[in-house]
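Undergrad:
Numbering (our numbering), first residue to last: 51 to 376.
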(Lines of atoms letter the chains of each structure in order from A and count residues from 1; the text may use other names and numbers.)
(Lines give C-alpha, C1' and ligand atoms only; values in the text may rest on other atoms or scores of the structure.)
Protein backbone atom coordinates (compact mmCIF):
# COMPACT_ATOMS: atom_id res chain seq x y z
CA UNK A 1 0.00 0.00 0.00
CA UNK A 2 1.43 3.35 -1.01
CA UNK A 3 1.77 6.13 1.57
CA UNK A 4 1.51 9.76 0.44
CA UNK A 5 5.06 11.14 0.29
CA UNK A 6 4.02 14.29 2.16
CA UNK A 7 2.39 12.44 5.04
CA UNK A 8 3.63 10.96 8.30
CA UNK A 9 2.90 7.28 8.70
CA UNK A 10 0.79 6.66 11.84
CA UNK A 11 1.81 4.19 14.53
CA UNK A 12 -1.75 3.23 15.44
CA UNK A 13 -5.25 4.14 14.24
CA UNK A 14 -8.49 4.14 16.22
CA UNK A 15 -11.59 3.72 14.00
CA UNK A 16 -14.89 4.78 15.61
CA UNK A 17 -17.82 3.29 13.70
CA UNK A 18 -15.84 0.29 12.49
CA UNK A 19 -19.02 -1.81 12.15
CA UNK A 20 -20.28 0.35 9.24
CA UNK A 21 -19.44 -0.78 5.68
CA UNK A 22 -16.96 2.10 5.27
CA UNK A 23 -15.47 1.43 8.71
CA UNK A 24 -15.00 -2.28 8.07
CA UNK A 25 -13.39 -1.60 4.70
CA UNK A 26 -11.10 1.07 6.14
CA UNK A 27 -9.82 -1.33 8.82
CA UNK A 28 -8.96 -3.88 6.15
CA UNK A 29 -7.18 -1.31 3.99
CA UNK A 30 -5.19 0.08 6.92
CA UNK A 31 -3.98 -3.41 7.85
CA UNK A 32 -2.40 -3.68 4.40
CA UNK A 33 0.27 -1.32 5.70
CA UNK A 34 2.62 -3.75 7.43
CA UNK A 35 4.38 -0.86 9.18
CA UNK A 36 1.21 0.05 11.07
CA UNK A 37 1.48 -1.31 14.61
CA UNK A 38 -2.18 -1.44 15.61
CA UNK A 39 -5.76 -0.80 14.48
CA UNK A 40 -8.36 -0.36 17.21
CA UNK A 41 -11.85 -0.95 15.81
CA UNK A 42 -14.78 0.41 17.84
CA UNK A 43 -18.45 -0.35 17.31
CA UNK A 44 -21.61 -0.97 19.27
CA UNK A 45 -22.23 -4.50 18.01
CA UNK A 46 -20.67 -7.68 19.46
CA UNK A 47 -17.47 -8.86 17.75
CA UNK A 48 -19.14 -11.85 16.10
CA UNK A 49 -21.52 -9.55 14.19
CA UNK A 50 -18.74 -7.43 12.71
CA UNK A 51 -16.97 -8.62 9.55
CA UNK A 52 -13.39 -7.73 10.36
CA UNK A 53 -10.29 -9.72 9.43
CA UNK A 54 -8.30 -11.79 11.88
CA UNK A 55 -5.01 -9.99 12.40
CA UNK A 56 -2.87 -9.80 15.56
CA UNK A 57 -2.61 -6.04 15.09
CA UNK A 58 -6.42 -5.61 15.07
CA UNK A 59 -8.48 -5.37 18.25
CA UNK A 60 -12.23 -4.82 18.46
CA UNK A 61 -13.89 -2.90 21.29
CA UNK A 62 -17.69 -2.70 21.72
CA UNK A 63 -18.19 0.76 23.22
CA UNK A 64 -21.32 2.84 23.70
CA UNK A 65 -20.27 6.34 22.64
CA UNK A 66 -23.35 7.94 24.20
CA UNK A 67 -21.68 7.84 27.62
CA UNK A 68 -18.67 10.00 28.45
CA UNK A 69 -16.92 7.56 30.80
CA UNK A 70 -16.45 4.72 28.25
CA UNK A 71 -15.07 7.25 25.74
CA UNK A 72 -12.57 8.48 28.36
CA UNK A 73 -11.57 4.96 29.36
CA UNK A 74 -11.11 3.95 25.71
CA UNK A 75 -8.75 6.85 24.96
CA UNK A 76 -6.80 6.91 28.21
CA UNK A 77 -6.74 3.12 28.55
CA UNK A 78 -6.06 0.88 25.58
CA UNK A 79 -5.50 3.69 23.03
CA UNK A 80 -2.84 5.29 25.23
CA UNK A 81 -1.18 1.96 26.00
CA UNK A 82 -1.01 1.10 22.28
CA UNK A 83 0.27 4.61 21.43
CA UNK A 84 -2.56 5.27 18.98
CA UNK A 85 -1.90 8.60 17.26
CA UNK A 86 -4.76 8.95 14.75
CA UNK A 87 -8.53 8.73 15.31
CA UNK A 88 -11.05 8.29 12.48
CA UNK A 89 -14.60 9.24 13.51
CA UNK A 90 -17.34 7.56 11.42
CA UNK A 91 -19.91 6.90 14.15
CA UNK A 92 -22.98 8.92 13.16
CA UNK A 93 -26.54 7.64 13.18
CA UNK A 94 -28.21 7.03 9.84
CA UNK A 95 -30.71 9.46 8.38
CA UNK A 96 -34.19 9.62 9.94
CA UNK A 97 -32.96 8.49 13.37
CA UNK A 98 -33.91 11.09 15.93
CA UNK A 99 -34.13 11.77 19.65
CA UNK A 100 -31.86 12.85 22.50
CA UNK A 101 -29.75 9.68 22.44
CA UNK A 102 -29.14 10.06 18.71
CA UNK A 103 -28.03 13.67 19.26
CA UNK A 104 -25.62 12.58 21.98
CA UNK A 105 -23.92 10.10 19.65
CA UNK A 106 -23.90 12.46 16.67
CA UNK A 107 -22.69 15.59 18.47
CA UNK A 108 -21.86 15.23 22.17
CA UNK A 109 -19.62 12.19 21.72
CA UNK A 110 -17.54 14.21 19.25
CA UNK A 111 -17.37 17.07 21.75
CA UNK A 112 -16.04 14.67 24.42
CA UNK A 113 -13.60 13.19 21.95
CA UNK A 114 -12.18 16.57 20.94
CA UNK A 115 -11.79 17.66 24.54
CA UNK A 116 -10.04 14.44 25.54
CA UNK A 117 -7.86 14.24 22.43
CA UNK A 118 -6.49 17.74 23.03
CA UNK A 119 -4.80 16.58 26.24
CA UNK A 120 -4.02 13.02 25.18
CA UNK A 121 -0.34 12.01 25.37
CA UNK A 122 -0.19 10.18 22.01
CA UNK A 123 -3.04 11.39 19.77
CA UNK A 124 -1.96 13.94 17.18
CA UNK A 125 -4.60 13.76 14.42
CA UNK A 126 -8.39 13.34 14.10
CA UNK A 127 -10.17 12.62 10.82
CA UNK A 128 -13.90 13.33 10.94
CA UNK A 129 -16.20 12.00 8.25
CA UNK A 130 -18.79 14.69 7.61
CA UNK A 131 -21.42 14.66 4.87
CA UNK A 132 -22.41 16.66 1.81
CA UNK A 133 -25.87 17.02 3.37
CA UNK A 134 -24.48 19.82 5.56
CA UNK A 135 -24.63 22.13 2.52
CA UNK A 136 -27.72 24.17 1.69
CA UNK A 137 -29.29 23.28 -1.67
CA UNK A 138 -31.83 25.71 -3.09
CA UNK A 139 -32.60 27.87 -6.07
CA UNK A 140 -30.12 30.69 -6.55
CA UNK A 141 -27.11 28.93 -5.00
CA UNK A 142 -24.24 27.46 -7.07
CA UNK A 143 -24.76 23.87 -8.20
CA UNK A 144 -21.02 23.15 -7.96
CA UNK A 145 -20.28 23.23 -4.25
CA UNK A 146 -16.96 24.37 -2.80
CA UNK A 147 -15.96 24.23 0.85
CA UNK A 148 -17.17 27.81 1.49
CA UNK A 149 -20.70 27.08 0.24
CA UNK A 150 -23.49 28.06 2.72
CA UNK A 151 -24.44 25.40 5.26
CA UNK A 152 -27.97 24.21 6.01
CA UNK A 153 -28.65 26.20 9.17
CA UNK A 154 -32.44 26.29 8.94
CA UNK A 155 -34.18 25.42 12.24
CA UNK A 156 -36.77 23.60 10.13
CA UNK A 157 -34.20 21.10 8.85
CA UNK A 158 -34.66 17.53 10.17
CA UNK A 159 -32.61 16.46 13.16
CA UNK A 160 -30.24 14.25 11.19
CA UNK A 161 -29.21 17.28 9.09
CA UNK A 162 -28.99 19.64 12.08
CA UNK A 163 -26.87 17.11 13.97
CA UNK A 164 -24.49 16.72 11.04
CA UNK A 165 -24.12 20.47 10.65
CA UNK A 166 -23.52 20.94 14.39
CA UNK A 167 -20.92 18.17 14.50
CA UNK A 168 -19.21 19.54 11.38
CA UNK A 169 -19.04 23.06 12.84
CA UNK A 170 -17.83 21.68 16.16
CA UNK A 171 -14.88 19.96 14.48
CA UNK A 172 -14.12 23.01 12.30
CA UNK A 173 -14.15 25.31 15.32
CA UNK A 174 -11.36 23.26 16.93
CA UNK A 175 -8.95 23.74 14.03
CA UNK A 176 -6.07 25.85 15.20
CA UNK A 177 -7.37 25.91 18.78
CA UNK A 178 -6.11 22.52 19.92
CA UNK A 179 -2.39 22.82 20.62
CA UNK A 180 -1.20 19.43 19.41
CA UNK A 181 -4.20 18.05 17.52
CA UNK A 182 -4.63 18.24 13.75
CA UNK A 183 -8.16 17.98 12.33
CA UNK A 184 -9.32 16.99 8.87
CA UNK A 185 -13.05 17.25 8.10
CA UNK A 186 -14.09 15.22 5.05
CA UNK A 187 -17.47 16.29 3.65
CA UNK A 188 -18.26 13.15 1.69
CA UNK A 189 -20.77 12.72 -1.09
CA UNK A 190 -23.48 10.16 -0.43
CA UNK A 191 -22.10 6.61 -0.33
CA UNK A 192 -24.52 4.60 -2.46
CA UNK A 193 -24.29 1.26 -0.70
CA UNK A 194 -26.45 -0.96 1.54
CA UNK A 195 -26.35 -0.37 5.31
CA UNK A 196 -24.69 3.03 4.91
CA UNK A 197 -27.82 5.01 5.78
CA UNK A 198 -28.09 6.29 2.20
CA UNK A 199 -31.41 7.98 1.51
CA UNK A 200 -30.85 7.61 -2.23
CA UNK A 201 -30.14 3.89 -1.91
CA UNK A 202 -33.42 3.41 -0.05
CA UNK A 203 -35.26 5.50 -2.66
CA UNK A 204 -33.83 3.38 -5.49
CA UNK A 205 -34.73 0.12 -3.71
CA UNK A 206 -38.44 0.55 -4.54
CA UNK A 207 -39.67 -0.99 -7.82
CA UNK A 208 -41.22 2.36 -8.80
CA UNK A 209 -39.41 5.67 -8.22
CA UNK A 210 -41.61 8.76 -8.22
CA UNK A 211 -39.82 11.85 -9.50
CA UNK A 212 -41.13 15.42 -9.41
CA UNK A 213 -42.40 16.23 -12.91
CA UNK A 214 -40.21 18.79 -14.66
CA UNK A 215 -37.15 18.20 -12.45
CA UNK A 216 -34.19 15.95 -13.17
CA UNK A 217 -31.27 17.22 -11.04
CA UNK A 218 -27.66 16.15 -11.34
CA UNK A 219 -26.46 14.02 -8.42
CA UNK A 220 -22.98 12.95 -7.36
CA UNK A 221 -22.54 9.65 -5.53
CA UNK A 222 -19.57 8.01 -3.89
CA UNK A 223 -18.46 4.38 -3.98
CA UNK A 224 -17.28 2.47 -0.92
CA UNK A 225 -13.84 2.13 -2.50
CA UNK A 226 -13.36 5.87 -3.02
CA UNK A 227 -14.78 6.79 0.40
CA UNK A 228 -12.27 4.43 2.00
CA UNK A 229 -9.38 5.77 -0.08
CA UNK A 230 -10.20 9.37 0.88
CA UNK A 231 -10.17 8.44 4.58
CA UNK A 232 -6.91 6.53 4.19
CA UNK A 233 -5.25 9.49 2.51
CA UNK A 234 -6.47 11.77 5.30
CA UNK A 235 -5.05 9.40 7.94
CA UNK A 236 -1.61 9.62 6.33
CA UNK A 237 -1.71 13.35 5.52
CA UNK A 238 0.08 14.38 8.69
CA UNK A 239 0.56 18.13 8.99
CA UNK A 240 -2.38 18.91 6.71
CA UNK A 241 -5.68 19.91 8.24
CA UNK A 242 -8.79 21.63 6.94
CA UNK A 243 -12.12 20.96 5.25
CA UNK A 244 -12.17 18.71 2.19
CA UNK A 245 -15.03 17.92 -0.17
CA UNK A 246 -14.95 14.25 -1.23
CA UNK A 247 -16.94 13.73 -4.45
CA UNK A 248 -17.57 10.41 -6.17
CA UNK A 249 -16.80 9.33 -9.72
CA UNK A 250 -20.49 9.23 -10.73
CA UNK A 251 -22.23 12.50 -11.62
CA UNK A 252 -25.49 11.80 -13.39
CA UNK A 253 -29.15 12.84 -13.56
CA UNK A 254 -31.65 11.37 -11.12
CA UNK A 255 -33.52 9.75 -14.01
CA UNK A 256 -30.33 7.94 -15.05
CA UNK A 257 -29.82 6.70 -11.48
CA UNK A 258 -33.32 5.24 -11.61
CA UNK A 259 -32.72 3.61 -15.00
CA UNK A 260 -29.34 2.13 -14.01
CA UNK A 261 -30.99 0.70 -10.90
CA UNK A 262 -33.49 -1.13 -13.09
CA UNK A 263 -36.46 0.72 -11.62
CA UNK A 264 -39.48 2.38 -13.19
CA UNK A 265 -39.18 6.18 -13.43
CA UNK A 266 -42.57 7.83 -12.94
CA UNK A 267 -42.80 11.66 -13.02
CA UNK A 268 -45.53 12.87 -10.66
CA UNK A 269 -46.86 16.19 -9.30
CA UNK A 270 -44.37 17.51 -6.74
CA UNK A 271 -46.86 18.25 -3.92
CA UNK A 272 -47.95 14.59 -3.85
CA UNK A 273 -44.51 13.09 -3.33
CA UNK A 274 -43.89 14.00 0.31
CA UNK A 275 -47.14 12.46 1.65
CA UNK A 276 -46.79 9.41 -0.62
CA UNK A 277 -43.26 8.66 0.54
CA UNK A 278 -44.19 9.35 4.15
CA UNK A 279 -46.92 6.70 3.82
CA UNK A 280 -44.36 4.29 2.32
CA UNK A 281 -41.97 4.97 5.19
CA UNK A 282 -44.64 4.25 7.81
CA UNK A 283 -46.09 1.16 6.12
CA UNK A 284 -42.87 -0.51 5.02
CA UNK A 285 -40.36 0.81 7.52
CA UNK A 286 -38.41 2.49 4.73
CA UNK A 287 -35.90 5.23 5.48
CA UNK A 288 -36.39 7.55 2.51
CA UNK A 289 -38.19 10.82 3.19
CA UNK A 290 -39.00 13.07 0.25
CA UNK A 291 -39.44 16.05 2.56
CA UNK A 292 -35.84 16.03 3.70
CA UNK A 293 -34.54 15.41 0.16
CA UNK A 294 -36.71 17.99 -1.59
CA UNK A 295 -33.85 20.41 -2.24
CA UNK A 296 -31.47 18.03 -3.97
CA UNK A 297 -34.29 16.27 -5.82
CA UNK A 298 -35.11 19.59 -7.46
CA UNK A 299 -31.74 21.35 -7.81
CA UNK A 300 -28.31 20.08 -8.82
CA UNK A 301 -25.67 19.72 -6.11
CA UNK A 302 -22.21 18.42 -7.08
CA UNK A 303 -19.15 18.66 -4.83
CA UNK A 304 -16.00 20.38 -6.10
CA UNK A 305 -13.15 18.11 -5.06
CA UNK A 306 -10.23 20.26 -6.23
CA UNK A 307 -9.07 21.08 -2.66
CA UNK A 308 -8.90 17.37 -1.71
CA UNK A 309 -7.05 16.65 -4.94
CA UNK A 310 -4.43 19.33 -4.29
CA UNK A 311 -3.94 18.77 -0.55
CA UNK A 312 -4.67 15.06 -0.04
CA UNK A 313 -4.01 13.64 -3.48
CA UNK A 314 -7.57 12.29 -3.63
CA UNK A 315 -9.33 11.68 -6.93
CA UNK A 316 -12.37 9.42 -7.39
CA UNK A 317 -11.59 6.40 -9.57
CA UNK A 318 -14.24 3.79 -8.71
CA UNK A 319 -17.71 4.14 -10.13
CA UNK A 320 -20.77 2.69 -8.45
CA UNK A 321 -21.77 -0.79 -9.60
CA UNK A 322 -25.34 -0.29 -10.81
CA UNK A 323 -27.74 -3.26 -10.82
CA UNK A 324 -28.79 -2.75 -14.44
CA UNK A 325 -25.25 -1.98 -15.66
CA UNK A 326 -24.33 1.03 -17.75
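C-beta atoms are modelled at their ideal positions from N, C-alpha and C, and glycine is treated no differently.
Would you mind stating whether residue 85 and residue 108 have Cβ atoms separated by less than 8 Å?
TA: Within the chain shown, residue 85 is the residue found at index 35, counting from 1. Within the chain shown, residue 108 is the residue found at index 58, counting from 1. Not in contact: residue 85 and residue 108 (Cβ atoms no closer than 8 Å).
Undergrad: Consult DSSP for residue 371 and reduce its assignment to one of helix, strand or coil.
TA: Within the chain shown, numbered from 1, the residue matching residue 371 stands at position 321. Correct three-state label for residue 371: coil.
Undergrad: Looking only at C-alpha atoms, which of 235, 316, 288 sits nearest to residue 261?
TA: What you label residue 261 is simply residue 211 of the chain shown in a count that begins at 1. Among 235, 316, 288, the Cα nearest to that of residue 261 is on 316.
Undergrad: DSSP three-state call for residue 30: helix, strand or coil?
TA: Any answer about residue 30 is impossible in this case: the structure gives the chain only from 51 up to 376.
Undergrad: Cutting at 8 Å between CB atoms, please list the residues of its own chain near residue 78, excluding the five before and the five after it.
TA: Your numbering for residue 78 matches position 28 in the chain shown. Within the same chain, residue 78 has close Cβ partners 102, 103.
Undergrad: Quick one: what's residue 90 bridged to in DSSP?
TA: As a working mapping, residue 90 is identified with position 40 in the chain shown. DSSP, once it has assigned bridges, lists 64, 109 as partnering residue 90.
Undergrad: Could you tell me which residues DSSP pairs with residue 294 in its beta bridges?
TA: Translated into positions along the chain shown, residue 294 becomes position 244. DSSP output for residue 294 lists 236 as bridge partner(s).
Undergrad: For residue 59, which of 231, 185, 270, 283 has the nearest alpha-carbon?
TA: Taking the first residue of the chain shown as 1, we reach residue 59 at position 9. Selected option, being the one with the closest Cα: 283.
Undergrad: For the pair the stretch 134-144 and the stretch 187-201, tell me if three or more CB-CB distances fall below 8 Å.
TA: No, the stretch 134-144 is not in contact with the stretch 187-201.
Undergrad: Would you mind stating whether residue 238 and residue 153 have Cβ atoms separated by less than 8 Å?
TA: Residue numbering aside, residue 238 sits at position 188 when the chain shown is read from its first letter. Residue numbering aside, residue 153 sits at position 103 when the chain shown is read from its first letter. No, the pair does not count as a contact, with Cβ atoms beyond the cut-off.
Undergrad: For a minimum of 4 consecutive residues, which ranges assigned as the alpha helix (DSSP H) are wholly contained in the stretch 129-178?
TA: Here the runs fully enclosed are 150-153, 159-168.
Undergrad: Based on DSSP bridge pairs, tell me the residues matched to residue 251.
TA: Stepping through the chain shown from its first residue, residue 251 is reached at position 201. Residue 251 pairs with nothing; no bridge assigned.
Undergrad: Contact between the stretch 289-302 and the stretch 326-342: three or more CB pairs below 8 Å?
TA: The stretch 289-302 vs the stretch 326-342: no contact.
Undergrad: Do three or more CB pairs link the stretch 224-234 to the stretch 264-273 at distances below 8 Å?
TA: Contact between the stretch 224-234 and the stretch 264-273 is absent, because fewer than three Cβ pairs lie under 8 Å.
Undergrad: Tell me which residues share the same chain as residue 361 and place their Cβ nearer than 6 Å to its Cβ, disregarding the 5 neighbours each side in the sequence.
TA: Looking up residue 361 in the chain shown gives position 311. If we look at residue 361 and ignore the five residues flanking it on each side, its Cβ neighbours are 290.
Undergrad: At the level of alpha carbons, what is the spacing between residue 100 and residue 76?
TA: Numbered from 1 along the chain shown, position 50 holds the residue referred to as residue 100. Numbered from 1 along the chain shown, position 26 holds the residue referred to as residue 76. Between residue 100 and residue 76, the C-alpha separation is close to 13 Å.
Undergrad: Less than 8 Å between the CB atoms is what I'm expecting for residue 240 and residue 271, so what's the real figure, rounded?
TA: Locating residue 240 in the chain shown gives position 190, counting from the first residue. Locating residue 271 in the chain shown gives position 221, counting from the first residue. Residue 240 to residue 271, Cβ: 5 Å. Contact.
Undergrad: Buried or exposed: residue 187, going by 16 or more other Cβ atoms within 10 Å of its Cβ?
TA: Counted from its first residue, the chain shown places residue 187 at position 137. Burial call: buried.
Undergrad: Return the CA-CA distance between residue 164 and residue 224, expressed in angstroms with no decimal places.
TA: The sequence position of residue 164 within the chain shown is 114, counting from 1. The sequence position of residue 224 within the chain shown is 174, counting from 1. Distance between the alpha carbons of residue 164 and residue 224 is about 8 Å.
Undergrad: Nearest-angstrom Cα distance between residue 117 and residue 80?
TA: Walking along the chain shown from the start, residue 117 turns up at place 67. Walking along the chain shown from the start, residue 80 turns up at place 30. Approximately 28 Å between the Cα atoms of the pair.
Undergrad: In angstroms, rounded to a whole number, what distance separates the CA positions of residue 296 and residue 236?
TA: Here residue 296 corresponds to residue number 246 of the chain shown, with the count starting at 1. Here residue 236 corresponds to residue number 186 of the chain shown, with the count starting at 1. Each residue's Cα considered, the two are about 6 Å apart.
Undergrad: Quick one: give me the first and last residue of the beta strand (DSSP E) that residue 261 is part of.
TA: Taking the first residue of the chain shown as 1, we reach residue 261 at position 211. Element bounds for residue 261: 258-262.
Undergrad: Short of 6 Å in beta carbon distance, which residues of its chain neighbour residue 336, apart from the five on each side in sequence? Order them along the chain.
TA: For the purposes of this step, residue 336 is taken as the residue at position 286 of the chain shown. Result list for residue 336: 252, 330, in chain order.
Undergrad: Which residues does DSSP list as the beta-bridge partners of residue 195?
TA: By one-based count along the chain shown, residue 195 stands at place 145. According to DSSP, residue 195 bridges with 353.
Undergrad: From residue 71 to residue 206, what distance separates their C-alpha atoms?
TA: As a first step, residue 71 is located in the chain shown; it is residue number 21 there, counting from the start. As a first step, residue 206 is located in the chain shown; it is residue number 156 there, counting from the start. Rounded to whole angstroms, residue 71 to residue 206 spans 30 Å at the Cα level.
Undergrad: At the 8 Å Cβ level, is residue 350 part of the contact set with chain C, yes or no?
TA: The chain labelled as chain C is not found in the depicted structure, where only one protein chain is given.
Undergrad: Please go through the same chain and pick out, in chain order, the residues whose beta-carbon is closer than 8 Å to the beta-carbon of residue 53, but skip the five residues on each side of it.
TA: Within the chain shown, residue 53 is the residue found at index 3, counting from 1. For residue 53, the pLDDT reaches just 48, beneath the cut-off of 50, and the residue's location in the model is therefore unreliable, leaving the point undetermined.
Undergrad: Taking 7 Å as the cut-off, does the CB of residue 196 come closer than this to any heavy atom belonging to the ligand PLP?
TA: Ligands are entirely absent from the displayed structure, and the ligand PLP is therefore not among its contents.
Undergrad: Determine the direct distance from the alpha carbon of residue 63 to that of residue 176, and round the result to whole angstroms.
TA: Here residue 176 corresponds to residue number 126 of the chain shown, with the count starting at 1. Here residue 63 corresponds to residue number 13 of the chain shown, with the count starting at 1. Answer to the nearest angstrom: the Cα atoms are 10 Å apart.
Undergrad: By DSSP, does residue 181 sit in helix, in strand, or in coil?
TA: Here the question's residue 181 lines up with position 131 in the chain shown. In the structure shown, residue 181 sits in a strand (DSSP, three-state: E or B).
Undergrad: Among 98, 170, 96, 141, which has the Cα closest to the Cα of residue 131?
TA: As a position in the chain shown, residue 131 is number 81, starting the count at 1. Ranking 98, 170, 96, 141 by Cα distance to residue 131 puts 170 first.
Undergrad: Judging by CA-CA distance, which residue of 232, 162, 120, 157 is the nearest neighbour of residue 174?
TA: Taking the first residue of the chain shown as 1, we reach residue 174 at position 124. Closest option to residue 174, Cα to Cα, is 232.
Undergrad: Return the chain-ordered list of same chain residues with a C-beta closer than 6 Å to the C-beta of residue 275, the five sequence neighbours on each side being excluded.
TA: Taking the chain shown and counting its residues from 1, the one referred to as residue 275 is at position 225. Cβ neighbours of residue 275 beyond the five flanking positions: 368.
Undergrad: Is the distance from the Cβ of residue 161 to the Cβ of residue 220 below 8 Å?
TA: Reading the chain shown from its first residue, position 111 is the one you call residue 161. Reading the chain shown from its first residue, position 170 is the one you call residue 220. It is a contact, given that the beta carbons lie within the stated cut-off.
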